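Undergrad: What follows is a single structure, and I will ask about it in a moment.
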Ligand SMILES: [Zn+2]
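Numbering (this note's numbering), first residue to last: 1 to 93.
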């Protein structure tokens, strides 16, 4: 996944208003958008954070939820319903 604007390969996964977006971690350009529901039914382990903005590591205290995406998706969607942008980071096993 390469950014068309700056050619960086550092996509960040965010959820905004019920949509799942890949955002360039270098310039903030949105790269891909799909429905969060379409991607949320997986067992992949993620931590969800209040979005600190592109290219910035989230603070530990900004974490909203952690676990398999199918288990935390309701919590993530509840946050985005309130206008929060949520950053998803895959947990390395
Ligand atoms: Zn970029």
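Ideal Cβ positions, reconstructed from N, Cα and C, are used throughout, including at glycine. In this text the structure is predicted, and so the values were computed from the model without any measurement.
#1: Measure the alpha-carbon distance for residue 37 versus residue 18 and round it to whole angstroms.
#2: At a threshold of 6 Å, does residue 42 count as lining ligand 1 (C-beta to nearest heavy atom)?
#3: Could you pull out every unbroken beta strand (DSSP E) segment of at least 3 residues lying fully inside the stretch 15-47, listed in chain order?
#4: Decide if residue 35 is buried, meaning its Cβ has at least 16 other Cβ atoms within 10 Å, or exposed.
#5: List the endpoints of the continuous alpha helix (DSSP H) containing residue 78.
#6: Just to confirm, are residue 79 and residue 64 a CB contact at a threshold of 7 Å?
TA: Taking the coordinates as given:
#1: Here residue 37 corresponds to residue number 37 of the chain shown, with the count starting at 1. Here residue 18 corresponds to residue number 18 of the chain shown, with the count starting at 1. In a straight line, the C-alpha of residue 37 is about 8 Å away from that of residue 18.
#2: As a position in the chain shown, residue 42 is number 42, starting the count at 1. Residue 42 Cβ: outside cutoff for every heavy atom of ligand 1.
#3: Listed in chain order, they are 19-24, 30-35.
#4: Your numbering for residue 35 matches position 35 in the chain shown. The residue is exposed, with fewer than 16 neighbouring Cβ atoms inside 10 Å.
#5: Taking the first residue of the chain shown as position 1, residue 78 is located at position 78. Here the alpha helix (DSSP H) through residue 78 covers 69-81.
#6: Walking along the chain shown from the start, residue 79 turns up at place 79. Walking along the chain shown from the start, residue 64 turns up at place 64. In this structure, residue 64 lies closer than 7 Å to residue 79 by Cβ.
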